[in-house]
Every structure is written in C-alpha cells, then in structure tokens.
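Chains as they are written, first to last, in my numbering: chain A, 1 to 80; chain B, 1001 to 1330; chain C, 2001 to 2351. To keep things clear, I will list the structure first and then write my remarks on it.
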Amino acid sequence: MKIEAFIKLIEDNVDGIAPGSLQSDTVLTSIPQWDSLAVLTMLAQFDAEYGVQVSGTEMQRCSTVSDLFSTVSSKVTKPS
Amino acid sequence: MESTQAERLLSLIGIEARRVSPRGVTTLDLCENAARTLLNGLNCPPAAIDAAVFVTQTPDFSQPCNANLLHGRMGFPKTTAAFDVNQGCSGWVYGLYLASAMIEAGGCKRVLLLAGDTVTQTINPRDRSTALLFGDAGSATMIERTELPRESIFMLHSDGTGHEAIKVPVGAFREPFVDADLTERADSEGNVRRRDQLHMNGVEVLNFTLREEPAAVRALLDAAGVTSDAVNHFVFHQANRFIVQNLAKRLRLKPDKVPVGAVAEFGNQSSASIPGVLCHDLPAVLTAEPPTRVLASGFGVGLSWASCLLWLDGLKVCQWVRYAGSVRRS
Amino acid sequence: MASARVASVALRGVAACVPRTVARTADYAGLSLDERLKFAKTTGIEERRCSLPGQCASDYCEAAAKRLIAELGWNKADIRLLVCVTQSPDYPVPATAVLLQQRIGLGTHCAAFDIGMGCSGYVYGLLVASSLLGVMGGGKALLVVGDTSTRSANQRDRTTAPLFGDAGTATALEFNPSAPEMVFDLNSDGRGWEAIVMRHGGFREPLTADSLVDREVAPGAWRAPRDLELNGIEVFNFGLREAPRTVEALLTAVPGVGDLPDFFFFHQANMLMNEMIRKKLKIPAEKCPYSLRSFGNTSCASIPMTMVTASAEALRAGPRSLVLCGFGVGLSWASSYVRTEGLVCPELVEL
C-alpha cells in the first residue's frame, strides 16, 4: 500500500480537504476538517478499502498522517 | 410504646439475622461469587455456558445490564447470550421458566441463571416497616437439558393493580431523581424514608399473599394431577416466617415439608430467597441420588407471583457461601 | 449458543407510538450551523421525537399495544405473556411490564416481566417471548419495546443528544402450530461494557449531588456522571465488525434460504454505520429501509419503528421474509430471520 493512495483516500472522503493539501507529516489535529465525523468516515473507509479496523486508542496515538498510514498498513494482511 | 400493626408483624417475622453487603459491593459481585463457586464445583468451563440470564432489581447501571457485565468478568464466549430480567420475589421462578424455554427452543444446552438483590441498599434504617426484614444475596443456578423424564410445570401471574404495595417511586423515568423531593419524611406510623427508597405496605402484601398464593399452589398441583402428598418440599419465597407458616397451614402442609430456616438466618432475600432455601435448608436431600419433588413459589413485588413443580435429583452443587466482608446483623 | 429456532409462533402485527414534540437537527444548539448540516448528512438524522418530563416509554408502549390489540380484534384474556424491553422503566421497582398489565387491562393469569436491554433488545425480546409462548403451548403474547433515550443524554453533549429519539412499540405473537420457524443468533461481549454506559445512578455508583454536575468532557461536549456516555469509535468498529457477521451466520443457519430475504431491518444507529453494514453484506438499498431521518436512533424500538414507519404497506400486503438485526449497548448483538403473513401494521400513533 502506498502512502500517496492513502492520502488520496482521505482527501476524497473528508469534505473540504483540498486535493494535494495533505503531506505525510501533516499533523492530524491541524486539519480544520478533521473532526469526529471525519474520523468515523475514515474508519469506515479503512474497513471498506483495506479490511482494517483501528481502535479509539490507536487513533489517539496517531499524531500525523504518516502515523495513521503506518497503523493501517501494518494491519493489512498480505494477499495470498 | 404503642404497638402498631407493623410492630406486631415484626414480632412474627422470625428473622434472627440478616446479611448486609459491605460498602461498594453490589448484586453483581454477589452473583459472580456464586457463579464461580458453582462453575468450579461443576467443573464447568465458561465456554460451556450458552446463555446468562440475570434477574435483579438492583443492577450496577441502568445500562449496560448486569448480565453483560458478568459476561465480561467471567470470560464467556461471544456466542453466549446475556440479558437482564427486572423482577423481584417471583424472579427465580420466572427466570427458571425463561431458561427452560430457551433450552426447549434448542439454541441452548446450558443456561446460567443469576438472581439476587442488595435490598438493604434501598432501605432507610429508620423505616421500621422494612429495615429489619431484608438481607442481601446473590445466587447462581445452572439449568441444563436432560434426556431423563423430568417434566417441570410452571404457572406465572401478575397484577399491576397492586403496584403500590412494594415500590421505589424515584430514580427511574416516571419521577427522575433530579426533579424529586428527596427529603426524609415520616409516614403516619412514624416510619422515615425518602422517595428514592423502598416503600412497602406490609399489610397489603400479607393480604395479597394469603389471597393469591394458596389458590396458585392448588392450581399448580391440580395441573400436575397430584396432591400435596406427592411433593417432598414446599419452598416458598422467604418473605417472613409468619407468612410462610400461615401458607403451610392454609394448604394443610406438613410443617416438616415447609422449610423456614433460610428466613431465620438471612431474612427476605428477594429473588435469591428460593435458592437460599435450597442451599441452606435442603442441600443434603437435594444432593442425594433419589429424585426429589419440589414445589417452589415466589410472590411479591409487582404484584407478581409464580410457582413451579420440579424434579431435582443428585444436584452436584448445592451450597451457600459467605461473601468476604459481608456483615451478619442480628 | 447455537442458532435458536422457535417453532409454532407467528409474528402477527407491529404498532408504534411516538411523542408529538419534534426536535430538529437544524435547531440543535450544541453544534454550529455548518456542523448541523454535516451531522444531518453523515448520520441521516434530521428530526427526532422527544418525550416531555413525566412521560415514559411505557406510555408509548401502552398506546401502541392498545392500538394493535384493537386492530387485531384480540380478546385480552387470551394474552398470556407480556414482555417489556426497556432501559427507561417507570420505576426501579416494580417492573414496568406489571404496570402495563394493569394499564392495558390484561388478566392476572398473564405473566409479565421486564428485560433490561437496549439496541439488541428487540431481537432478544423476540427470542424470549416466542420461546415462552412456544412452551406455553397456546395463546397470545405481547412484546412491548421502547425507550426515552432523549432523557438519558445530556442536551449539551453533542456526541449523544442529537442522535436519539423516543418511541414505544408493541409486537403481537400468536401460538400457531403451522407458523414457520423463527431463527435467532444471539451474542454478547461484556468486555466492551464501557462503550455505552451510564456510570452513576445504579448500585455501583449511587447518585450523589456530584453525579449531576456537568463537566466539559471534550470541546463542546458537556456531560455529568449520570448521563449517557457513548464511545463513538468503539461502537462504530463494533457494529461494523459484528453486525455483518451475525447476519451471515444467521442466513447460513436458515435451511433453504435461496433468494435474499425481502427486508433487512437493522437497528438505526446512524446512516454512515448502517450503510457500511449494508454494503458489506451487499444488500440492495431497497431491501434496507430506514427510520433515522425522522425519528433518529430509537434504541430497542428502532427495528419495529422502521417496520411501521417505512414498510407498513409492504408488510401488510402479503407474505414476507425479514431479517432483523440489533447491535449496541452491552456490548450485545443479535439477529433473527422471521417470515410473516400479511402483518397487521396500524399507522404510527402519536401521543
């Protein structure tokens, strides 16, 4: 899984985030649109796209986009 | 001192001691203790429990329910169904009926029935109509499918016209805590209580019991096609000794068939009272091999009453245990 | 517990009742104007019904039950069982079902008790009531299911208050040896108990003055220890994980279910979660009705509320196969496969 596709997934699904505005080192809480509804929307997308669930505690530990990417990609089981 | 109706009743209740849960201990804790004792004694792993039914009127929270909390504590598998039943004195018989029905439906082989209350936590110590009557308890009963011919017969009743006889008016949704007047008030007999504490009209409850219970027991025996001679033990909810002995007289039951030891030692234990009798008064006969015919009958809050005729044989576990830190008040 | 099957019990009718008072997401003061629009879009909730102080879920259940009995033309003396599923009882003691036995006018031979469950409560209640009616071997039963969740949530808590609406429902069950089997799958996970909880007010933490003190637990979210607490992420993950699984397990257990059932009635949590579940199960949208838009999350009543407000005509018109799935507080989740014949389904009652 590439981080570029991951970032695009966020930009496509959270209302108001301009394409290309997120970087891997962007701090999540600095994104104005990153509210509780955005979090739930993305959790739904991680499940739909990658078959992955992220817990509340894991979300809290993610500070940047790249932290979130690492958390999600580490849970993706390798295709057989 | 003037002897009021309540005081006369008190002298007849025959309660020598009561058990009071220590501060911070709830019905959930008591029932968990009973459940662990039971499962250990039966050598039954948590994974073998198909459903947990928790009968209580004193749950830890208004949500989630006690059965779910117990599920987490005991480590039952996800496939174990769990739910609470709000019922009091008739609750063990109601719960037994539910458990049996779930087993009949085929989804369950083993159901764990928890039943109990910490009534002392709902009572005002200056309310002489309730303060000395109740003891806290939790019970655990294992109900399992059998191929043996062991038919149980149940009859359940309810009468909401009597709902004021035993009530806690404040604390749920009709009269929320936040809007309520919670000053302690004395009633006409000088009993002091708050509106979020248990109110009991002893005379109403006594009249109800003597009106409905004998008829209910006779109807059950008729339905089973037997007389009281065919029943080895009559296990009545241990409201107080006076009521139980009065019922025995009305039904012309031999006194040695009607245990009252539990009420003397523990007081009125709400839905745990019937299992309290089984474990305190009858363990020797119930753990012996020959099948024993038991008629159990609970009656009280609701108003609600329920009776069942059961075969009990060779119970592998039938004991009562003391919860560490509980106080025996006499 | 393996899948449970209950034979000889038919689901004959469903009725629902709500308070008249409407609360609109567009008016909710705890969110900014923009946030209200986004909330309505994400959750699908635009309006909810709110009980007034002194009104209880039992009032709505009573009205629904009376309406249903009248429409069915039932003799009340035939009703042998009244099961009341609620987490908003009238009193701590006695049980609300016994109060309703009197108010609806049922005989004393009618057994009555409460089941204290929430979102999974309708399916749990259906299993319990139908199993009991099955062993009773005859007669009729009423399953009344309702909550006043708006009174459990703190109005200043933006994570809970705008989600919930109040309702009471009644479901009629009748013993009938030729009724098709109902199939059930029930589950629990008590380790997730903190995901949806009201911490103070029970016996673990009895109410004190402190229990009523609002605290700002998150920006713009005010809550007292006795108010409903909902961990959105935990509940979301849980619903997404378990609801599809129980439905799949259920359909595997139903013998000969060829085509997809006619309707899937899910507990109405929020549109985002519910749509994810629907898509995971590949259920076409027209088979998955909603009552979220006008009534919000009505807790244990949400499945019958959706049946009555979104699908009454279709349910009345002929034989239908239904999947019911509730999931939430406990954590608890359950699903059921039920076949119905021309359900009696009166119009929504308002009190």
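Backbone N, C-alpha and C define an ideal beta-carbon position, used for all residues, glycine too. All of these numbers come straight from a predicted model, not from anything done at the bench.
Can you give the Cα-Cα distance for residue i and residue j, rounded to whole angstroms?
i                  : j                     : result
asparagine 1043(B) : alanine 2129(C)       : 32 Å
arginine 2067(C)   : serine 2188(C)        : 34 Å
leucine 2100(C)    : asparagine 1240(B)    : 28 Å
arginine 2316(C)   : lysine 2076(C)        : 23 Å
leucine 2132(C)    : glutamine 45(A)       : 43 Å
glutamate 1230(B)  : alanine 1035(B)       : The identity of residue 1230(B) in the sequence shown is alanine, whereas the question assumes glutamate. Rounded to the nearest angstrom, the two C-alpha atoms are 32 Å apart.
lysine 2280(C)     : alanine 48(A)         : 8 Å
alanine 2112(C)    : tyrosine 1097(B)      : 12 Å
alanine 1137(B)    : valine 1055(B)        : 12 Å
alanine 2285(C)    : alanine 2253(C)       : 24 Å
cysteine 2061(C)   : aspartate 2114(C)     : 13 Å
alanine 1284(B)    : cysteine 2288(C)      : 58 Å
glycine 1088(B)    : lysine 1167(B)        : 11 Å
aspartate 2157(C)  : alanine 2040(C)       : 16 Å
valine 2344(C)     : cysteine 1318(B)      : 48 Å
serine 2332(C)     : glutamate 1289(B)     : 39 Å
arginine 2215(C)   : aspartate 35(A)       : 20 Å
serine 1326(B)     : arginine 1019(B)      : 7 Å
arginine 2206(C)   : aspartate 2262(C)     : First, the amino acid is wrong: residue 2206(C) is proline here, not arginine. Taking the straight line from one Cα to the other gives about 46 Å.
valine 27(A)       : threonine 64(A)       : 4 Å
glutamate 1184(B)  : aspartate 1159(B)     : 29 Å
cysteine 1279(B)   : proline 2319(C)       : 51 Å
leucine 37(A)      : asparagine 2270(C)    : 11 Å
arginine 1252(B)   : phenylalanine 1208(B) : 19 Å
serine 1270(B)     : leucine 2173(C)       : 31 Å
alanine 2064(C)    : asparagine 13(A)      : 42 Å
In terms of residue numbering, what span does the beta strand (DSSP E) encompassing residue i cover?
i                     : result
serine 2335(C)        : 2332 to 2340
histidine 1335(B)     : Here chain B has residues from 1001 to 1330 only, and residue 1335(B) is not among them.
glutamate 2216(C)     : 2215 to 2218
glutamate 2047(C)     : 2047 to 2049
phenylalanine 2264(C) : 2263 to 2266
glutamate 49(A)       : Glutamate 49(A) -> not in any beta strand (DSSP E); alpha helix (DSSP H) instead, spanning 36 to 50.
isoleucine 2079(C)    : 2079 to 2085
arginine 2320(C)      : 2320 to 2328
arginine 2223(C)      : 2221 to 2223
Consider the Cβ of residue i: report whether some Cβ of chain D lies at a distance smaller than 8 Å.
i                : result
cysteine 2056(C) : Although the question refers to chain D, the structure presented lacks it and instead comprises the protein chains A, B and C.
Taking residue i and residue j to be in contact with their CB atoms under 8 Å, please state how far apart those CB atoms are, rounded to whole angstroms.
i                     : j                 : result
cysteine 2119(C)      : leucine 2082(C)   : With 8 Å as the limit, cysteine 2119(C) and leucine 2082(C) do not qualify as a contact, their Cβ atoms being about 22 Å apart.
alanine 1165(B)       : glutamate 1204(B) : 4 Å
proline 1059(B)       : glycine 2202(C)   : 5 Å
glutamine 1197(B)     : threonine 1122(B) : 6 Å
methionine 2001(C)    : alanine 1081(B)   : 5 Å
valine 1170(B)        : alanine 1186(B)   : The pair is not a contact, with the Cβ atoms about 17 Å apart (cut-off 8 Å).
phenylalanine 1154(B) : valine 2197(C)    : With a Cβ gap of about 35 Å, phenylalanine 1154(B) and valine 2197(C) do not count as contacting.
Per DSSP, residue i is paired with what?
i                  : result
cysteine 2300(C)   : Answer by DSSP bridge pairing: none, since cysteine 2300(C) is not bridged.
arginine 1293(B)   : Trp1311(B)
lysine 1167(B)     : His1199(B)
valine 2308(C)     : Partner(s): none; valine 2308(C) has no beta bridge.
methionine 2182(C) : Val2006(C)
cysteine 2017(C)   : Gly2168(C), Val2349(C)
alanine 2023(C)    : Arg2048(C)
arginine 1329(B)   : Arg1018(B)
leucine 1156(B)    : Ala1306(B)
Quick one: give me the first and last residue of the alpha helix (DSSP H) that residue i is part of.
i                  : result
cysteine 1031(B)   : 1027 to 1042
glycine 2239(C)    : 2232 to 2253
glycine 1261(B)    : 1261 to 1266
methionine 2198(C) : Unbroken run through methionine 2198(C): none, as it is neither H nor E.
glutamate 2275(C)  : 2271 to 2280
glutamate 2174(C)  : Unbroken run through glutamate 2174(C) is the beta strand (DSSP E), 2167 to 2175; no alpha helix (DSSP H).
alanine 1051(B)    : Premise fails: alanine 1051(B) lies in the beta strand (DSSP E), 1051 to 1055, not in any alpha helix (DSSP H).
alanine 1248(B)    : 1241 to 1250
valine 1285(B)     : 1283 to 1287
arginine 2293(C)   : 2292 to 2295
methionine 59(A)   : 56 to 61
proline 962(B)     : What is shown of chain B runs 1001 to 1330, which leaves residue 962(B) out entirely.
asparagine 13(A)   : 3 to 13
Scan the stretch 2094 to 2157 of chain C and note each continuous beta strand (DSSP E) run of 3 residues or more that stays entirely inside, going in chain order. Unbroken beta strand (DSSP E) runs of no fewer than 3 residues, entirely contained in the stretch 2094 to 2157 of chain C, are found at 2111 to 2115, 2140 to 2147, following chain order.
4-residue-minimum alpha helix (DSSP H) runs that sit fully inside the stretch 2040 to 2076 of chain C, ordered along the chain: Restricted to the stretch 2040 to 2076 of chain C, the alpha helix (DSSP H) segments that are unbroken, complete and at least 4 residues in length are 2057 to 2072, listed in chain order.
For the stretch 1072 to 1154 of chain B, list the alpha helix (DSSP H) runs that are entirely contained and at least 4 residues long, ordered along the chain. With a minimum length of 4 residues, the continuous alpha helix (DSSP H) runs that stay inside the stretch 1072 to 1154 of chain B are 1091 to 1104.
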